[in-house]
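Worksheet for the structure shown next.
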Amino acid sequence: MGINILSFIRTITRSFILRPVRLDDFSGLILTLFVAIISIILSFPFGVLLALGRQSDLPVIRWLSIAYIELIRGLPLIGILFMAQVMLPLILPQDMRIQRVIRAIAGFTLFSAAYLAENVRGGLQSVPKGQTEAAKALGLNGFFVLIFVVLPQALRVVIPTIVGQFISLFKDTSLLAIVGLVDLLGMSQSILANPKFIGRYGEVYIFVAAIYWVFCYSMSLLSRQLENK
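Start counting the sequence shown at 1; every next residue gets the next number (full-length UniProt numbering).
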């Protein structure tokens, strides 16, 4: 009896223990959301730093930021994704293998950060110089003026454009199917390849489009709420 109870407990325990899954094994909506969320989280601070670098008084930092922004904005996203998937493994040592999903996230992050930098730069330029001068008159140094006075006002002004860039990034994750990752769109293509669903293009693609619309519209609503606060 005791052995049966122990066996039952082990069986129940194992059912709640998840085995580790490699990122490259992610697929479908999970992969789409994972890549989009991580890319948004990483690209936002990187874009802010690039915007600040472009406004910097140090020529080296300013010109490096400008060169990066203009270079990335002049390249198509699909080209950057292909470079991350094909060329990066050739450059890295053989014993250093980066998972394909991480490489895709790096491509999305680098691409989106350049556009976010221009959005944030527009917000920085909209802040009146009187705000900075008043803060400095109160004894705040340049760093605290930037963090507590300039940046909050600048980001508030460009909330719609920043969220618009995030929405664009989310929709651009459909390019993952082109570079060999099975995202939401890639999963729909796999479904259509199933003999049971041959010819059902309308139902499958309408369902996929509805999922994209729900998430994009949710981000748009969140943007409006942030603007009204």
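Quick reminder that beta carbons are idealized off the backbone N, C-alpha and C, glycines included.
Note that this is a predicted model, so its numbers are computed, not measured.
Thinking C-alpha only, which one of Gln85, Ile38, Val163 and Phe170 is nearest Leu222? Taking the sequence shown and counting its residues from 1, one reaches residue 222 at position 222. When each option's Cα is compared against that of Leu222, the closest is Val163.
Whole-Å CB distance - Pro41 paired with Leu175, under 8 Å assumed: Residue numbering aside, residue 41 sits at position 41 when the sequence shown is read from its first letter. Residue numbering aside, residue 175 sits at position 175 when the sequence shown is read from its first letter. Contrary to the premise, residue 41 reads as Ile rather than Pro in this sequence. With a Cβ gap of about 19 Å, Ile41 and Leu175 do not count as contacting.
Is the beta carbon of Tyr205 less than 8 Å from the beta carbon of Ser218? Stepping through the sequence shown from its first residue, residue 205 is reached at position 205. Stepping through the sequence shown from its first residue, residue 218 is reached at position 218. No. Outside cutoff.
Which listed residue (Leu49, Pro152 and Leu116) has its alpha carbon closest to that of Pro128: Mapped onto the sequence shown, residue 128 falls at position 128. The option with the nearest alpha carbon to Pro128 is Pro152.
What separation, rounded to the nearest whole angstrom, lies between the Cα atoms of Asn119 and Gly186? What you label residue 119 is simply residue 119 of the sequence shown in a count that begins at 1. What you label residue 186 is simply residue 186 of the sequence shown in a count that begins at 1. Answer to the nearest angstrom: the Cα atoms are 31 Å apart.
Tell me, which residues are paired with Gly28 by DSSP? As a working mapping, residue 28 is identified with position 28 in the sequence shown. Beta-bridge pairing links Gly28 to Asp183.
Which residues mark the beginning and the end of the alpha helix (DSSP H) in which Phe215 is found? On the sequence shown, residue 215 is found 215 positions in, with the first residue counted as 1. Counting along the chain, the alpha helix (DSSP H) containing Phe215 begins and ends at Tyr201 to Asn228.
Looking at the unbroken alpha helix (DSSP H) that takes in Gly164, where does it start and where does it end? Here residue 164 refers to the residue found at position 164 when the sequence shown is read from its first residue. Counting along the chain, the alpha helix (DSSP H) containing Gly164 begins and ends at Ile159 to Asp172.
Does the beta-carbon of Asp57 have 16 or more other beta-carbons within 10 angstroms, so that it is buried, or is it exposed? In the sequence shown, counting from the first residue as 1, residue 57 sits at position 57. Exposed, by the Cβ-count rule.
How far does the alpha helix (DSSP H) with Phe144 in it reach, from first residue to last? Residue mapping note: residue 144 aligns to position 144 of the sequence shown, counting from 1. Its alpha helix (DSSP H) spans residues Gly142 to Val145.
With DSSP run on the structure shown, which of helix, strand or coil describes Leu192? Within the sequence shown, residue 192 is the residue found at index 192, counting from 1. Helix, per DSSP.
Under 8 Å, do Gly47 and Leu81 count as touching if we go by C-beta distance? Translated into positions along the sequence shown, residue 47 becomes position 47. Translated into positions along the sequence shown, residue 81 becomes position 81. No. Outside cutoff.
Whole-Å CB distance - Arg103 paired with Ala134, under 8 Å assumed: As a first step, residue 103 is located in the sequence shown; it is residue number 103 there, counting from the start. As a first step, residue 134 is located in the sequence shown; it is residue number 134 there, counting from the start. That belief does not hold up - the Cβ atoms of Arg103 and Ala134 are roughly 46 Å apart, past 8 Å.
Please determine, among Ser190, Trp213, Val60 and Phe166, the residue with the shortest C-alpha to C-alpha distance to Ala177. For the purposes of this step, residue 177 is identified with residue 177 of the sequence shown, where counting begins at 1. Of the listed residues, the one whose Cα sits closest to Ala177 is Ser190.
Indicate the three-state DSSP secondary structure (helix, strand or coil) for Pro128 in the structure shown. Start at 1 with the first residue of the sequence shown, and residue 128 comes out as number 128. In this structure, Pro128 counts as coil in the three-state DSSP scheme.
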